[in-house]
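Working notes, structure below.
There are 2 protein chains.
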Amino acid sequence: MTFDFPVADRYRGLATSPVKEIFALAARPDVVSFAGGIPDPALFDLDAVRRCYDWVLTHQGQRALQYGVTEGEAEMREQAAARMSRFLPTSADQVQITSGSQEGLFIAAQALLNEGDVILVESPTYLAAVQAFAAHGARIIGVPCDDHGVLPDALEAAIGEHSPAALYLIPSFQNPTGRTMPMSRREQVGEIVLRHRLALIEDDPYGDLRFSGEALAPIASLPGLSKQTLLMNSMSKLMSPGVRIGWTRAEGPIGQTLAVAKSAISMQSSVVDQLTVARYLETEDLEGHVAQVIDVYRHRRDAMADALSGRLPDSAHITYPEGGMFLWASLGSGINAQDMLADACDAGVAYLPGWSFFAQDPDFSTLRLSFVTHSPDVIAESMDRLVGVIDRTLEQPI
Amino acid sequence: MTFDFPVADRYRGLATSPVKEIFALAARPDVVSFAGGIPDPALFDLDAVRRCYDWVLTHQGQRALQYGVTEGEAEMREQAAARMSRFLPTSADQVQITSGSQEGLFIAAQALLNEGDVILVESPTYLAAVQAFAAHGARIIGVPCDDHGVLPDALEAAIGEHSPAALYLIPSFQNPTGRTMPMSRREQVGEIVLRHRLALIEDDPYGDLRFSGEALAPIASLPGLSKQTLLMNSMSKLMSPGVRIGWTRAEGPIGQTLAVAKSAISMQSSVVDQLTVARYLETEDLEGHVAQVIDVYRHRRDAMADALSGRLPDSAHITYPEGGMFLWASLGSGINAQDMLADACDAGVAYLPGWSFFAQDPDFSTLRLSFVTHSPDVIAESMDRLVGVIDRTLEQPI
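What follows is the structure, encoded as structure tokens:
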């Protein structure tokens, strides 16, 4: 006799998750994948990380293996606060350590969102964030954007129409588009957020991966905004995604609510990993390491942009990101990037179709290309193949 | 102008969490605490663990720092499956790795429970599990128990009355009571669960910490029950709570739902920690290590039981656990263990008041004592002081 577990409505009919499929796709051995946002493992600062694990287990071993603190270990909170204080004065007790940014997003949703609440997001936006919000029964409304991020008039209109509980933004080198909100746009958006007393979830995992130009301060650092923003950083893109260490900055009593949620979800994050990351930030040269990574990534972005330049259909629009990991192409009429993926994989190249990043009205001609994983030569050759697939697709009768 | 974040109904008015308060209490330097279920850090197998971290970072470093698999790294799933297979044949693909059992409980609640669903629990039961269920709006109904666990007639009646979505049990060395369901009771309960086609969440973090007698198979291993049980283990009590590695066994399509939930919550658990724990289980001597721990814990249980024997009021009932970490006392009439805690702390000894472990009808005379953290001498002296506090409390006019 078969038995079926009860399945909560939030997951009924969901056989799998888009993010999981990214990783499955990226693992196919016969395909050069630009689908996942996977750092190049050859660039990891492995010797330094091993040194830090060894130091922690030698000098703080009993503590590293013991239960820790829900909000995070003191050293890790101090180091996270110091990094955030480059742009926004932050004390350790305003920082909660999370198991990657993903847990930070899930905790924010647990703490803030009731079923049926509206959360406004950029259109398109990071799909794993949408998953975390959707798991709480939130209605996710995409706000129209241009190459400088969310459009102020559209944001104003969406607030008026939907009375949202929160706004979710990735202002720097956004996933999936690679676009960055300039300071003037941050100020316009911040003014609207302030005036409507709207809670802002500001996700900034890529901001330090800037290839050129000046670093931009987070929206949270604009006057009055720090107290109504949950600002999130992560070590995943700077040091290692495998250690799963991120953090959230919050002011006032909401920090306590985040801690109650964290306690229910996972009690605390790995103490070994927290102490090791704190040691790394204290004693190793993250800035120097990131400078090396940026240098490599910049060349790869150039290789990808050069290989595509002038070779996409006239109807195409492509971003030229100043940092981060992603380039985004809207190929325009005649192309369905989801349908084209099978041909691309047959040609040995994979990308991520863009439609899944839209909360509403998906643009099926879009695709996301990560430029960080492969060498410039592999990128150039793969983009040649991709251009060939696009050309063949356009030649087919519709 | 102040700003108040919206707070989801599930956390409204919850200023803190009971589990967090355990750890805060345990950290007071002037008090010998028996409140938390804190392993003695002097017993950690630190050299072996350091060896395993070093091996992983030397031989699997790039993989350890990279993104991993939502369900868990293959080696870790294999090792977890091998441990479970001692009692119940388990394949690696039936195992999901979680960031401690707490995340496993939260994921189970995410996957199974809608708001308003009833989940049956032992009365009393593990309060952090109740938190994970309550965060999903579940109604938590405690089923009456005796020293052998949940009472079959009471379970039958509760199923009839509440049509529960699931039943949550800790059959071995339960938290908080230390009690164990004998095989005959497991069979009676299993028969009821089968007949009512009820989903069972079986939490077994302590089962391997048995001081005497035969190991008991989990309820999930009884005929027909594996397919309707989510069975959970953890390394927290055997190796280290700080590494946050636990796992859930599931058969059939519910495993996919658990993975979707895990992906939304935290993407995956620390790859470094997973590979290290797998290496530890593969190459080090966990059984030998646990045998040493058991030997120490047995003496400590004896020290605590001896120090209390014959010295509690006639109305008191105390458990004599054959394993695990906890001893449970119901002091009976005239004592409110919550009110008495301040006097106990003034006398330099802390316990955990038992009322918070009850879903309904709390017995305020109960308290939980962890016997694993301190030496027999410290236990004996502290129990002397606790007996003094109890005696003085009984002498006070009510």
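These protein sequences, in sequence, are chains A and B. Counting from -15, one number per residue, gives the positions in the first sequence under the numbering used here. Counting from -15, one number per residue, gives the positions in the second sequence under the numbering used here. Glycine included, each C-beta is placed from N, C-alpha and C at the ideal position. Quick caveat: nothing in here was measured; it's all calculated off a predicted structure.
Under the Cβ criterion of 7 Å, Q46(A) is counted among the residues facing chain B. For Y152(B), the three-state secondary structure derived from DSSP is strand. Residues are counted here when their Cβ sits less than 8 Å from a Cβ of chain B; for the stretch 246 to 269 of chain A these are S247, A248, I249, S250, M251, Q252, S253, S254, V255, V256 and D257, given in chain order. Against chain B, a Cβ distance below 8 Å from R12(A) picks out nothing, because the smallest value is about 14 Å. According to the DSSP assignment, I91(A) belongs to the alpha helix (DSSP H) that extends over G84 to L96. Judged by their CB atoms, G307(A) and R233(A) are not nearer to each other than the 7 Å cut-off. Restricting attention to alpha helix (DSSP H) runs no shorter than 4 residues, the stretch 312 to 336 of chain A encloses them at 321 to 330, ordered along the chain. Sequence-distant Cβ neighbours of W312(A) in its own chain, meaning closer than 6 Å and more than five residues away, are P160, T161, G162, T303 and R352. When secondary structure is reduced to three states using DSSP, L139(A) falls in the helix class. Apart from sequence neighbours up to five positions away, the residues of its chain that approach V277(B) with a beta-carbon distance below 6 Å are L27, ordered along the chain. When the Cα atoms are used, L296(A) and L315(A) turn out to be separated by approximately 7 Å.
DSSP lists S354(B) as the beta-bridge partner residues of F310(B). The C-beta distance from A331(B) to V373(B) rounds to 5 Å, short enough to fall under 8 Å.
Our two residues, E171(A) and Y190(A), have alpha carbons roughly 20 Å apart in a direct line. At a cut-off of 7 Å between C-beta atoms, E140(A) does not count as an interface residue with respect to chain B.
Among the residues of the stretch 174 to 197 of chain A, those with a Cβ less than 8 Å away from any Cβ of chain B are R181 and A183, in the order of the chain. For V371(B), the enclosing alpha helix (DSSP H) has its first and last residue at P360 to E379.
Shown here for E57(A): same chain residues with a beta carbon closer than 8 Å to its own, the five before and five after excluded, namely I81, V255, Q258, L259 and A262 in chain order. Using a C-beta cut-off of 8 Å, the stretch 102 to 111 of chain A makes no contact with the stretch 206 to 215 of chain A, since fewer than three inter-stretch Cβ pairs fall below that distance. Sequence-distant partners of V134(A) (beyond 5 residues in either direction) whose C-beta falls short of 7 Å from its own C-beta, in its chain, are E106, V127, L153 and V173.
Against chain A, a Cβ distance below 9 Å from Q50(B) picks out I22, P23, P25, F28, S224, P225 and G226. One Cα belongs to C36(A), the other to Y264(A), and the distance between them is close to 6 Å. Close partners of Y(-5)(B) in chain A (Cβ separation under 7 Å): A95, T241, V244 and A245.
With respect to chain B, the C-beta atom of S83(A) has a partner C-beta closer than 7 Å. Only K211 and Q212 from the stretch 209 to 223 of chain B bring a Cβ to less than 7 Å from some Cβ of chain A. For the stretch 57 to 89 of chain A, the residues whose beta carbon sits under 7 Å from a beta carbon of chain B are, in order, S83, G84, Q86 and E87.
The residue from A201(B), E198(B), A328(B) and S250(B) with its alpha-carbon nearest to that of K246(A) is S250(B).
Within chain B, the C-beta atoms nearer than 9 Å to that of A112(A) come from S247, A248 and M251, in chain order.
As DSSP reads the structure, T161(B) sits in no beta bridge. Membership of I238(A) in the alpha helix (DSSP H) is indicated by the continuous run I238 to S250. By the Cβ-count criterion, R34(A) is buried, with 16 or more other Cβ atoms from all chains shown falling within 10 Å of its own Cβ.
Using a Cβ-Cβ cut-off of 8 Å, V(-9)(A) is close to A95, L96, I238 and T241 of chain B, given in chain order. In the DSSP assignment, S17(B) forms a beta bridge with A334(B). For R34(A), the chain B residues whose Cβ falls inside 8 Å of its Cβ are D38, L41, T42 and G45, in order along the chain. Listed by position along chain A, the residues whose Cβ is nearer than 8 Å to that of L153(B) form an empty set, because the closest Cβ is around 16 Å away.
Between S354(A) and M324(A), the CB-CB gap reaches or exceeds 7 Å.
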